[in-house]
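Residue numbers (the working numbering), protein chains in the order written: chain A, 320 to 430; chain B, 317 to 429.
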């Protein structure tokens, strides 16, 4: 089973600041997904990255996939209170779509 | 609303009781997944279905747990003789065969007292 390590565990910032969260593994990801989960709700898919070195942007969110496909980062520019949530990375572990999740980074953005 | 739905949203039960949760996937999705999430952790895979066939069960799914998807549409997850350690959020997700995107429901939060 591939172990996904996310850091930091918790991040509290002021509105307007930037933040970066990380997802690392000792083995190669076939592909990596980032989700955001709000309290009492299920995770919502933000992005899927597949190719080493890939960079994807979703409004103020920038996702990077490491060249060796063992790490990924999520950068949020000018964070807003609506960005508050648990950010999870997940790896597809087989062709049937089974996901292995990291423990997540809890992000709190205060006005 | 055409998303994944789960019922009930919350369930409080006493230790030793049986509980059953229901998941209704997105209608055209033939794959359905169950995950369990405890506080401070990411979701952990429990089991999944391709149509009505259950393809894999995690070792987390003890003999007290059973899941069904009888007609390849909705699914149920039953826990018999609940224990306090079963307290968690139970999440259901669905996807198209071959698709990378899974769509999650809002979850059922189980509290065993």
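Even for Gly, the Cβ is constructed at its ideal location relative to N, Cα and C. As the structure is a computational prediction, the values presented were derived from the model and not from experiment.
Simplified DSSP assignment, three categories, for residue i
i, result
"residue 356 of chain A", "strand"
"residue 399 of chain A", "coil"
"residue 340 of chain B", "strand"
"residue 379 of chain B", "coil"
"residue 418 of chain B", "coil"
Within chain B, partners of residue i - CB distance below 8 Å
i, result
"residue 415 of chain A", "347, 364, 366, 371 and 372"
CB contact check: residue i to chain A, cutoff 8 Å
i, result
"residue 390 of chain B", "no"
"residue 401 of chain B", "no"
Selected residue, minimal CA-CA separation from residue i, among the options
i, options, result
"residue 417 of chain B", "A:425, A:369, A:327 and A:390", "A:369"
"residue 358 of chain B", "B:404, B:321, B:412 and B:410", "B:404"
"residue 318 of chain B", "B:424, B:338 and B:345", "B:345"
"residue 412 of chain B", "B:341, B:337, B:324 and B:335", "B:341"
"residue 393 of chain A", "A:362, A:426 and A:417", "A:426"
"residue 357 of chain A", "A:409, A:402 and A:419", "A:402"
"residue 408 of chain B", "B:386, B:330 and B:392", "B:392"
Cross-chain neighbours of residue i in chain A, by beta carbon under 8 Å
i, result
"residue 416 of chain B", "350, 352, 367, 411 and 416"
CB contact below 8 Å: residue i versus chain B
i, result
"residue 420 of chain A", "yes"
"residue 334 of chain A", "no"
"residue 423 of chain A", "yes"
"residue 322 of chain A", "no"
"residue 364 of chain A", "yes"
Contact with chain E by residue i, beta-carbon distance below 8 Å
i, result
"residue 373 of chain A", "Considering every chain present, this structure includes no chain E. Its protein chains are A and B."
Listed by chain order, chain B residues near residue i by CB distance under 7 Å
i, result
"residue 361 of chain A", "407, 420, 421, 422 and 423"
"residue 407 of chain A", "358"
Closer than 9 Å at the beta carbon, the chain A residues around residue i
i, result
"residue 411 of chain B", "416"
"residue 361 of chain B", "412, 417, 418, 419 and 420"
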